[in-house]
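Counting with the numbering used here, you get residues 18 to 305 for the letters of the sequence shown.
Glycine is no exception: its CB is placed at the ideal position from the N, C-alpha and C atoms.
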Amino acid sequence: MQVRIASGARVALESAVITHGLPYPQNLESARRMQAAVRASGATPCTVAVLRGIPCVGISDSELEQLAHSPAPSKIALHNLGIARAMQLTGGATVAATMYLAHRAGIEVMATGGIGGVHRDGRDLSGDLPTLARTPILVVCSGAKAILDLPATREWLETYGVPVVGYQTEELPGFYTAHTGLRVDATVHEVDALTELWRAHREMGTAMLVVQPPPTKYALARAEVDALLHQALAECEAAGVSGSATTPWLLQRLAELSEGRTVQVNLALLESNARLAGQIAKRLSLSA
Numbered sequence: 018m019q020v021r022i023a024s025g026a027r028v029a030l031e032s033a034v035i036t037h038g039l040p041y042p043q044n045l046e047s048a049r050r051m052q053a054a055v056r057a058s059g060a061t062p063c064t065v066a067v068l069r070g071i072p073c074v075g076i077s078d079s080e081l082e083q084l085a086h087s088p089a090p091s092k093i094a095l096h097n098l099g100i101a102r103a104m105q106l107t108g109g110a111t112v113a114a115t116m117y118l119a120h121r122a123g124i125e126v127m128a129t130g131g132i133g134g135v136h137r138d139g140r141d142l143s144g145d146l147p148t149l150a151r152t153p154i155l156v157v158c159s160g161a162k163a164i165l166d167l168p169a170t171r172e173w174l175e176t177y178g179v180p181v182v183g184y185q186t187e188e189l190p191g192f193y194t195a196h197t198g199l200r201v202d203a204t205v206h207e208v209d210a211l212t213e214l215w216r217a218h219r220e221m222g223t224a225m226l227v228v229q230p231p232p233t234k235y236a237l238a239r240a241e242v243d244a245l246l247h248q249a250l251a252e253c254e255a256a257g258v259s260g261s262a263t264t265p266w267l268l269q270r271l272a273e274l275s276e277g278r279t280v281q282v283n284l285a286l287l288e289s290n291a292r293l294a295g296q297i298a299k300r301l302s303l304s305a
């Protein structure tokens with residue numbers, strides 16, 4: 018593993034969103050905006066990826082561009098991280114792989130758009146969840162991806178000791194929407210309060226989710242998201258899409274059905290979450 022930035026206020030950024038979550042050129046634009054938001058907060062961005070079999074915590078802009086342009090990148094999670102190393106693959110790191118590598122590198126804070134969770138059919142469980150349950154890292158996100166079973170995902174987090182803290186919200190966001198009706202464990206309104214909660218929790222050995230809604234300017238209404246999801250899920254089932262292909266297919270279809278608005282929400286919340294993560298990392302470094 019290469020840790021290119023070894024100290025200071027650091028924020029880990031996942032890269033599966035670059036390789037599998039957004040189309041080009043929005044993926045490269047988003048990655049650069051996230052890095053800029055972290056820097057503007059006084060911290061250093063460390064995009065996590067696997068390049069030619071080497072797990073890298075922090076990549077250069079030219080490497081970022083190559084990753085965004087890659088014609089057939091791998092999606093690298095914990096189950097295939099060793100395979101990626103042995104076969105010298107290049108690809109984006111999932112939330113789970115990013116948490117694992119960031120923790121090994123001594124990074125306490127990471128940012129993403131949304132975590133994986135329990136799928137709606139109940140037969141698929143994201144590897145993000147067990148990694149959250151065994152990795153002490155603060156993860157800033159806008160809830161779980163909207164295509165998931167959000168109540169079941171919320172219940173899983175509670176059962177396995179992962180607190181959900183709302184930043185200026187009392188609800189678990191639904192990624193594209195601010196409202197799900199699912200309550201968070203605590204609500205705080207200041208970054209200093211988030212750092213205090215993290216210091217009190219990190220000895221527990223599990224992650225802490227800090228959730229904030231997508232920016233109001235871009236957020237969709239809950240009813241609209243539900244309608245879009247209903248149509249996309251029905252079409253996905255009819256098309257026979259399954260397994261790891263499901264999430265990218267659904268995200269692409271939602272983008273089409275919403276005329277690109279889901280992509281705009283995604284871009285906005287990624288930048289917003291990176292900014293908050295940078296603020297948290299900076300405060301933690303000042304009081305270490």
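On a CA-only basis, which of the options is nearest residue i? Give me that one, please.
i	options	result
S302	A60, M51, L39, N44	A60
S47	L284, V208, R300, S24	L284
I35	V280, G191, E125, Q19	V280
S304	W215, L286, E252	W215
A210	V112, H196, A236, G183	G183
A119	T194, Q83, L95	L95
E187	T176, T204, G178, Y177	T204
E276	L81, G38, L245	L245
L98	S79, V65, I124	V65
Y235	S79, L39, Q296, V282	V282
E207	S32, Q296, L39	Q296
Q248	Y177, L39, G260, A272	A272
Using 9 Å as the threshold, is the C-beta distance between residue i and residue j below it?
i	j	result
V67	A294	no
C158	T129	yes
P153	G222	yes
L146	L174	yes
V135	T194	no
V74	R21	yes
M18	A122	yes
T91	A298	Residue identity check: residue 91 is Ser in the sequence provided, not Thr. Taking 9 Å as the Cβ cut-off, S91 and A298 do not qualify as a contacting pair.
G349	H37	Residue 349 is absent from the model: the chain starts at 18 and stops at 305.
T212	R300	yes
Rounded to whole angstroms, what is the Cα-Cα separation between residue i and residue j?
i	j	result
Q185	Q229	7 Å
S77	A217	34 Å
R137	L165	5 Å
R171	A150	13 Å
G139	G133	13 Å
Y41	S87	10 Å
Q83	R69	12 Å
A161	F192	6 Å
A163	H196	11 Å
A256	L250	10 Å
V112	Q105	20 Å
P72	I93	10 Å
L274	L237	13 Å
L142	A103	26 Å
A89	Y117	24 Å
T148	E31	14 Å
I124	S259	34 Å
S79	R278	29 Å
S261	D202	31 Å
T107	A53	24 Å
For residue i, I'd like the list of residues in its chain whose CB is within less than 7 Å of its CB, leaving aside the five on either flank, ordered along the chain.
i	result
P168	L199
G25	T61, S302
A85	I35, Y41, N44, L45, A48
A306	Only positions 18 to 305 of the chain appear in this structure, which leaves residue 306 out of reach.
Please return the same chain residues whose Cβ sits closer than 6 Å to the Cβ of residue i, not counting the five positions on each side in sequence.
i	result
V156	M127, A224, L226
R219	P153
S289	P232
L81	A48
C63	I22, R27, A29, V74, G75
Y177	A150
Excluding sequence positions up to five away, which residues of its chain have a Cβ less than 8 Å from the Cβ of residue i?
i	result
L287	V34, S47, R50, M51, A128, T129, G130
C253	T263, W266, L267, R270
Exercise for the section: Could you name each continuous beta strand (DSSP E) segment of 3 residues or more that falls completely within the region 78-123, going from the start of the chain to the end? Expected result: 91-93, 108-110
Practice task
Write down every uninterrupted run of the alpha helix (DSSP H) in the region 215-266 whose length is 4 residues or greater and which is fully enclosed by it, in chain order.
Solution key: 239-256
Handout entry: Segments assigned beta strand (DSSP E), at least 3 residues, entirely inside the region 127-175
Key = 155-158
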